[in-house]
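There are 2 protein chains.
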Amino acid sequence: MVTARLARFTEPLRLKSGAVINEYALAYETYGTLNSDRSNAVLICHALNASHHVAGWYAEDPKDIGWWDNMIGPGKPVDTNRFFVIGVNNLGGCHGSTGPCSINPQTGRPWGGSFPVITVEDWVAAQARLAEKLGIGQFAAVMGGSLGAMQSLQWTISHPEKLRHALVIACAPNLSAQNIAFNEVARQAIITDPDFHGGNYYEHGTKPQRGLRVARMVGHITYLSDDEMASKFGRQLKNGKLTYSFDTEFQIESYLRYQADKFSEYFDANTYLRITKALDYFDPAFEHGGNLSRAFARTQASFLVVSFTTDWRFSPERSREIVKALLDNRCRVTYAEIEAPHGHDAFLLDDERYHRLVTAYFDRIAAECGT
Amino acid sequence: MVTARLARFTEPLRLKSGAVINEYALAYETYGTLNSDRSNAVLICHALNASHHVAGWYAEDPKDIGWWDNMIGPGKPVDTNRFFVIGVNNLGGCHGSTGPCSINPQTGRPWGGSFPVITVEDWVAAQARLAEKLGIGQFAAVMGGSLGAMQSLQWTISHPEKLRHALVIACAPNLSAQNIAFNEVARQAIITDPDFHGGNYYEHGTKPQRGLRVARMVGHITYLSDDEMASKFGRQLKNGKLTYSFDTEFQIESYLRYQADKFSEYFDANTYLRITKALDYFDPAFEHGGNLSRAFARTQASFLVVSFTTDWRFSPERSREIVKALLDNRCRVTYAEIEAPHGHDAFLLDDERYHRLVTAYFDRIAAECGT
Chain W
1 MVTARLARFT EPLRLKSGAV INEYALAYET YGTLNSDRSN AVLICHALNA SHHVAGWYAE
61 DPKDIGWWDN MIGPGKPVDT NRFFVIGVNN LGGCHGSTGP CSINPQTGRP WGGSFPVITV
121 EDWVAAQARL AEKLGIGQFA AVMGGSLGAM QSLQWTISHP EKLRHALVIA CAPNLSAQNI
181 AFNEVARQAI ITDPDFHGGN YYEHGTKPQR GLRVARMVGH ITYLSDDEMA SKFGRQLKNG
241 KLTYSFDTEF QIESYLRYQA DKFSEYFDAN TYLRITKALD YFDPAFEHGG NLSRAFARTQ
301 ASFLVVSFTT DWRFSPERSR EIVKALLDNR CRVTYAEIEA PHGHDAFLLD DERYHRLVTA
361 YFDRIAAECG T
Chain R
372 MVTARLARFT EPLRLKSGAV INEYALAYET YGTLNSDRSN AVLICHALNA SHHVAGWYAE
432 DPKDIGWWDN MIGPGKPVDT NRFFVIGVNN LGGCHGSTGP CSINPQTGRP WGGSFPVITV
492 EDWVAAQARL AEKLGIGQFA AVMGGSLGAM QSLQWTISHP EKLRHALVIA CAPNLSAQNI
552 AFNEVARQAI ITDPDFHGGN YYEHGTKPQR GLRVARMVGH ITYLSDDEMA SKFGRQLKNG
612 KLTYSFDTEF QIESYLRYQA DKFSEYFDAN TYLRITKALD YFDPAFEHGG NLSRAFARTQ
672 ASFLVVSFTT DWRFSPERSR EIVKALLDNR CRVTYAEIEA PHGHDAFLLD DERYHRLVTA
732 YFDRIAAECG T
């Protein structure tokens, strides 16, 4: 059983875009106990549609289980009997942290379309302030999958001295043109929805749900492998026979529509837009003339880098680029390419080899910090 | 220089769905001359967004060059000095053949949303009537790429005695769950556009252009290979520097938006919807308990099957399924897997090895029919 908390910050945060957020709040949760020398803290960074609710459940809603509950908890790979784990909803989010649907204190109205573009660097800067507030000078580890892993990487660049380990799972050092293209489709679906109103839909009493549905469907396809879709759905018919109509004909259509409907009910379109932009912009090599190795010049952490064979969104090749750049800097890197059928989503799933690997890695971290 | 013609049919056509179209017209073009024994006719079947305008140009618009003009014409791989080539706009199309934007003679109003779902089998049935009208008892070859190639395959099943060769390029024996999923995203984008009006947008004076734009963007991504996108666009910025806004930031976004805008101007959304359904439904093995080999039991044609290494929409693996099923029936099959970087779109491009192969294959056909 866990409780979400809110940390308020009143020191202005200058974002990478140049915009400044004067005050903001971050929703977070903690699991386990910080040890006496404050050496066992682990930060979990979330990806696209997740939140600070990483593990456990709420007293008022026992069905609302954290998104990485198979990974984090008592006796789990990230063992909360030994580690003090923090989950945080990123700035710009829609799960309690300040974001587009929050009231902008300067205007008294929702930020809406005026909420700035956020980058991975900005998230890490905000997370670092939360760490300070919680009295954590150095994390035992910062961990994430996908966009969460980009934050792990960025921690080793922005605050090399503030973490001992970075877990970088199902990641890429930047988005490919194809990745950006899929994001752009999602954005165009949302932005051209007549209910979007330039992002100020809260005040119009509308929601660009049609656009968000389509955006989610596109995204969802890229999270699953072709093989996984084939074995889960193949060409199975929804109603056992063909109807030759625009009703749902195949199971895969039904699944996608259901997922999209659900998502468009609870997720905020403005947040979705900004998260896709954060993904697009992430590119640590950019400021070093495209040289990724130079981006990690000050990095001190040890790394566990994990990729999944059927992940076509961020393929193992992309993880190997990261590993290569880290090795160029003589970083300590453990790299594992896990044979898993589930595509990009594998990082969220309970794969035995993957979980054994993370367990072993955290055993090592635990030994180091004597927990 | 070519001229489009219109063939009118008044005998009702019963579609696979059970719906009946009482009268319809097909737009078509011909290139070259039918020889005296009518043995040199080649039918070109089009894919998603193409038309009967396969080669050459129109007197009134010399810039409007046929979509497969690099393949078909005097001295080209399909040499119109030797072959009589026919291009036809499929039933349900929006380039002159009867389709959703045509007037339904029974109501005096555009068909719109009431235009039936069409299948590859229906297209082949309609094409067969056109062949009859043109006095062609047997084609030297039926040829297509992608969805066009599905029509070639269907010809060998529906009318095994009416063609001697089938060219099946960048094809699959049916869509995978992932392929269907992408189509469903496209359809949902169109259908949920408020300007769609259940397909009756002609009468509302609107066009679901927002939806069609998004649909086209999704499709476009699947036609190009990841590598091709990387080498063509990579992470190139549109304006040389980052703006941290929702304006076009990367070249790939600009390219996709441009393509989508262009497409949504000239293409009909109802036609697009029906073409994606025809793709979804194509599955010759379905009526044979999933056994593709049995689908070709009556097939008599010889085959050229071509796939492209970087085609992730219809990968070489899928072409090999076709080849295997044909060989099970002791069909004569030439199969080539062309190493090309361009993804699915490769079938439309001027790749030297690919064109040499088609040239050689048509030399063989020419020798057989003495042209």
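Chains W and R are the protein sequences, given in the same order. If you're matching positions, the first sequence starts at 1 in the numbering used here and goes up one per residue. If you're matching positions, the second sequence starts at 372 in the numbering used here and goes up one per residue. Where a beta carbon is used, it is the ideal one built from N, C-alpha and C, also for glycine.
Among the residues of its own chain, which have a CB less than 6 Å from the CB of Asn-270(W), if the five just before and after it don't count? If you ignore the 5 residues before and after Asn-270(W), its C-beta comes within less than 6 Å of the C-beta of Pro-100, Gly-199, all in its own chain and listed in chain order.
Roughly how many angstroms separate the alpha carbons of Glu-636(R) and Gln-630(R), rounded to a whole number? Distance between the alpha carbons of Glu-636(R) and Gln-630(R) is about 10 Å.
Kindly list the residues whose CB is nearer than 7 Å to the CB of Arg-38(W), restricted to its own chain and excluding five residues on each side of it in sequence; keep chain order. Gly-135, Ile-136, Gly-137
Select from the region 557-574 of chain R all residues with a C-beta closer than 8 Å to any C-beta belonging to chain W, and list them in chain order. Arg-558, Gln-559, Ala-560, Ile-562, Thr-563, Asp-564, Pro-565
Counting only beta-carbon atoms, is Val-124(W) nearer than 8 Å to chain R? no
What does Gly-743(R) reach in chain W if we use C-beta pairs closer than 9 Å? Residue numbering for chain R in the displayed model covers 372 to 742; residue 743(R) lies beyond these limits and cannot be assessed.
7 Å CB neighbourhood of Leu-613(R) in its chain, flanking five on each side removed: Glu-620
Below-8 Å beta-carbon distance, Leu-627(R) vs any chain W residue: Interface with chain W (8 Å Cβ-Cβ cutoff): Leu-627(R) is included.
Would you list, in chain order, the members of the region 634-646 of chain R that have their beta-carbon closer than 8 Å to a beta-carbon of chain W? Only Leu-644 from the region 634-646 of chain R bring a Cβ to less than 8 Å from some Cβ of chain W.
Measure the alpha-carbon distance for Gly-660(R) versus Gln-477(R) and round it to whole angstroms. 39 Å
Assuming Gly-112(W) and Glu-203(W) form a contact by the criterion Cβ under 8 Å, report the distance between their Cβ atoms to the nearest whole angstrom. 7 Å
Checking the sheet assignment: what are the DSSP bridge partners for Met-143(W)? Ile-44(W), Leu-167(W)
Where in the region 651-717 of chain R do unbroken runs of the beta strand (DSSP E), each at least 3 residues long, occur, reported from the N-terminal end onward? 673-679, 704-709
Strictly by DSSP, which residues pair up with Gly-113(W)? According to DSSP, Gly-113(W) bridges with nothing at all.
Within 10 angstroms of its Cβ, does Pro-194(W) collect 16 or more other Cβ (buried), or is it exposed? exposed
Are the C-beta atoms of Asp-597(R) and some chain W residue less than 8 Å apart? yes
Can you give me the C-alpha to C-alpha distance between Ala-672(R) and Leu-462(R), rounded to a whole angstrom? 25 Å
Short-range partners of chain W found in the region 654-678 of chain R, where Cβ spacing is below 7 Å: Asp-654
Any beta carbon of chain W sitting closer than 8 Å to that of Val-585(R)? yes
Whole-angstrom distance between Gly-148(W) and Ile-322(W), CA atom to CA atom: Going from the Cα of Ile-322(W) to the Cα of Gly-148(W) covers about 15 Å.
Let's see if you can read the secondary structure: which residues bound the alpha helix (DSSP H) around Ala-366(W)? Residues 352-369.
8 Å Cβ cutoff, Asp-722(R) in contact with chain W: no
Per the contact definition of three or more C-beta pairs closer than 8 Å, is the region 121-130 of chain W in contact with the region 57-76 of chain W? no
Looking at chain W, is there any beta carbon in it that lies within less than 8 Å of the beta carbon of Ala-552(R)? yes
Nonlocal neighbours in the same chain, by C-beta distance under 8 Å from Ala-668(R), ignoring five residues either side: Asn-700
Tell me which residues share the same chain as Ile-252(W) and place their Cβ nearer than 7 Å to its Cβ, disregarding the 5 neighbours each side in the sequence. Met-229, Phe-233
When Gln-151(W), Ser-36(W), Asp-247(W) are compared against Val-88(W), the one with the closest alpha-carbon: Gln-151(W)
What would DSSP say about Asp-379(W), mapped onto helix, strand or coil? There is no way to answer for residue 379(W), as the model of chain W reaches only from 1 to 371.
Give the DSSP-derived three-state secondary structure of Leu-34(W) in the structure shown. If DSSP states are grouped into helix, strand and coil, Leu-34(W) belongs with coil.
So what does Val-92(W) bridge to, in DSSP terms? Contrary to the premise, residue 92(W) reads as Gly rather than Val in this sequence. Note: Gly-92(W) sits in no beta bridge, so no partner.
Can you name, in chain order, every residue of its own chain whose Cβ lies under 8 Å from the Cβ of Tyr-393(W), other than the five neighbours on each side? Residue numbering for chain W in the displayed model covers 1 to 371; residue 393(W) lies beyond these limits and cannot be assessed.
The region 119-151 of chain W: which residues have C-beta closer than 8 Å to a C-beta of chain R, in chain order? Cβ contacts with chain R come from Thr-119.
Using only the alpha-carbon positions, how far apart do Arg-353(W) and Arg-332(W) sit? 21 Å
Check Gly-87(W) in the structure and name its three-state DSSP category. strand
Beta-carbon proximity list for Glu-492(R), same chain, < 7 Å, skipping 5 on both sides: Lys-387, Gln-525, Ser-529
Under 8 Å between C-beta atoms, does Leu-377(R) make it to chain A? The structure shown contains no chain A; its protein chains are W and R.
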